[in-house]
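> Just so you know, the sequence shown maps onto residues 82 to 234 in the UniProt record's numbering. No residue lacks a Cβ here, since even glycine has one placed at the ideal position from N, Cα and C.
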Amino acid sequence: TGAVPVVLNINGRDHHVMLEPRVVLLHALRDHLGMPGTKIGCDHGQCGACTVHVNGRRVNSCLTLAIMHQGDRITTIEGLAQNGKLHPVQQAFLDHDGFQCGYCTAGQIMSAAALLHEPIGQDDDSVRAAMSGNICRCGAYNNIVDAVQQARK
Ligand code: FES
């Protein structure tokens with residue numbers, strides 16, 4: 082195969098891995114790096130289940146090649162909690178039941194955590210618009226918005 086050595090900085094640590102250049106970040110994380118927390122939904126940029134942070138910004142990891150992210154700072158759901166303490170968005174999702182089946186939750190939380198640093202309005206509609214790239218098939222949207230609003234306080 083055409084695998085080449087790639088170094089990816091994920092959750093504060095360098096990971097050395099052999100990857101074919103065609104492998105997207107989502108599949109590198111799940112299939113080559115043992116990090117299944119990032120979920121596969123649509124696999125083509127429509128659902129947000131695969132959201133991770135690249136240099137603090139949210140990215141659909143199914144749409145971007147892993148090899149392009151050497152030198153970037155990648156954060157996944159596995160790295161969001163710090164020092165044994167949940168990220169405020171994780172705690173808020175628990176407090177507000179921001180999930181039903183939970184499949185979209187990692188992506189929702191990663192998206193919301195990045196949104197805390199984005200210039201969006203304070204009202205619920207602004208949150209809905211900013212979170213519109215993350216689909217929840219159960220329809221837990223009201224609780225998700227409540228959770229995001231708690232985390233923004
Ligand atoms: Fe990437 Fe749906 S799996 S957006």
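Quick one: grab the DSSP three-state call for residue 134.
Translated into positions along the sequence shown, residue 134 becomes position 53. The answer is strand: DSSP assigns residue 134 an E or B state.
> In the DSSP assignment, what are the bridge partners of residue 166?
For this step, residue 166 is matched to residue 85 along the sequence shown. DSSP output for residue 166 lists 163 as bridge partner(s).
> Going straight from the alpha carbon of residue 165 to that of residue 93, what length do you get?
Your numbering for residue 165 matches position 84 in the sequence shown. Your numbering for residue 93 matches position 12 in the sequence shown. Those two C-alpha atoms are separated by around 15 angstroms.
> Helix, strand or coil, according to DSSP, for residue 111 in the structure here?
Along the sequence shown, read from residue 1 onward, the residue named residue 111 stands at position 30. In this structure, residue 111 counts as helix in the three-state DSSP scheme.
> Is residue 141 near ligand 1, judged by its Cβ being under 6 angstroms from some heavy atom?
Here residue 141 corresponds to residue number 60 of the sequence shown, with the count starting at 1. Yes; taking the cut-off as 6 angstroms, the Cβ of residue 141 has a heavy atom of ligand 1 nearer than that.
> To which residues of the same chain is residue 150 closer than 8 angstroms at the C-beta, ignoring the five residues directly before and after it?
Position 69 of the sequence shown holds residue 150. Closer than 8 angstroms at the Cβ level, and outside the excluded window around residue 150, lie 89, 106, 135.
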